[in-house]
Structure formats: C-alpha cells, structure tokens
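Heads up, the sequence shown is in our numbering, so the first residue is 12 and it goes up one at a time.
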Amino acid sequence: MEAQYKGLCVCLGNICRSPTAEVVFRHYCDQHQLNIIVDSAGTSNYHPNKAPDQRSQLHAKKRGYDLSSLRARQLSTQDFLDFDLILAMDHQNFDDIHDLLQRAIFQFGSHQIRAKVALMSEHDPQYPQQALLDPYYGGDEGFERVLDQCESSALAWINILKKQLNV
C-alpha cells in the first residue's frame, strides 16, 4: 500500500502565514476530495506550542477557516523523511529550509529524503514566485493579502497534485 501524501507549510514563526496556509490548503484538499495530510511548522523556535496570532485567527475566521486548534512547532530534520512536499512562504524560509535539508541529508543520507522543497507560490498564476510577506508587524491588509495568496497558491498546488497523484 502506498504511503499517504503529506504536505508541510513553513514560515518563520509558525503563527501567521504557515498555519493560514495549512488550513487553506487542507480546505481545498477536502473540497477536491484529495486525501492529503497537511501540517505547518516554522524555521525558528520563537513560539513553541503557541496558538496562531490572534489577527491571523480573526481574518481567517471571517473567511470560514478555523486556526484555533493549531500550535506552533519548529521544522526538524525528521520532516524531510515524513513529508512529500515542503512549501516555503518566502525566499528566506526557502533558504533556511534548504540549510536544514543539508543537515537531514548528512544525518539520514540522501536516499532517505522524501520531501521536495518549493515556494508556496511556485505555480500560482496570480502571484507567481511572490513571497507571502510576514504580516506580523503590519496591519489588517497584510493578513488579508496572506489569505488571498494562500487561497490562490493552494488552488494552484491542488491542480498540480491532482495531475501528479492521478486523481
């Protein structure tokens, strides 16, 4: 039996962008009847076990997404063995993920690595290759833009994964 496909959304602190991306991605997986496990993590350990930022929760809730049960965690080398796809929210996250990937390769060997690393916006026609900017120090518009980008990027990935997984 083939292992279930797993995706991981990654930002810096795992309290704004990546938990938003996780619930949006999961929503579209459910909507398109894709049996994909979706999780999120941060490249830093700034907020271990903390709930997503209240502003992220508020803006997500306005669109019907519930982030309240999520808790922040840090990306680990084990994640490269456990996930098929790791999506970086911005270019710095992408670089930090690749740095950790090198440690995972050293630790486990390249033959054990399962994950492909990509930008969340890699296939997004509306926001191609654009960073999902961290809204933490900004206003409401930043949180709304993150939601817009997550919705657009998640749908683009859904279309890619449907072809890739032959569904």
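A virtual CB, placed ideally from N, CA and C, is assigned to each residue, including glycine.
Rounded to whole angstroms, the separation of the alpha carbons of residue 111 and residue 87 is 8 Å.
Counting only runs of 3 or more residues that sit fully inside the region 83-162, the beta strand (DSSP E) segments are 96-99, 127-130, in chain order. Counting only runs of 4+ residues, the alpha helix (DSSP H) found wholly inside the region 27-55 occupies 28-42, in chain order. A contact between stretches requires three or more CB pairs, one per stretch, nearer than 8 Å, and the region 26-44 meets this requirement with the region 155-165. Where residue 69 is concerned, the enclosing alpha helix (DSSP H) starts and stops at 65-73. With contacts defined as CB atoms closer than 9 Å, residue 32 and residue 163 fail to qualify as a contacting pair. Burial is judged here by how many other beta carbons sit within 10 angstroms of a residue's own beta carbon; residue 177 has fewer than 16 and is exposed. Membership of residue 61 in any beta strand (DSSP E) is not indicated, and neither H nor E is assigned to it by DSSP. C-alpha of residue 19 to C-alpha of residue 143: approximately 15 Å in a straight line. Residue 90 and residue 62 have their C-alpha atoms some 20 Å from each other.
Straight across, the Cα-Cα distance linking residue 59 with residue 84 is about 5 Å. In the three-state scheme derived from DSSP, where H, G and I count as helix and E and B as strand, residue 166 is classed as helix. Within the model, the alpha-carbon separation for residue 17 versus residue 70 is close to 26 Å. Cβ contact annotation for residue 40 (same chain, cutoff 6 Å, sequence separation greater than five): 47, in chain order.
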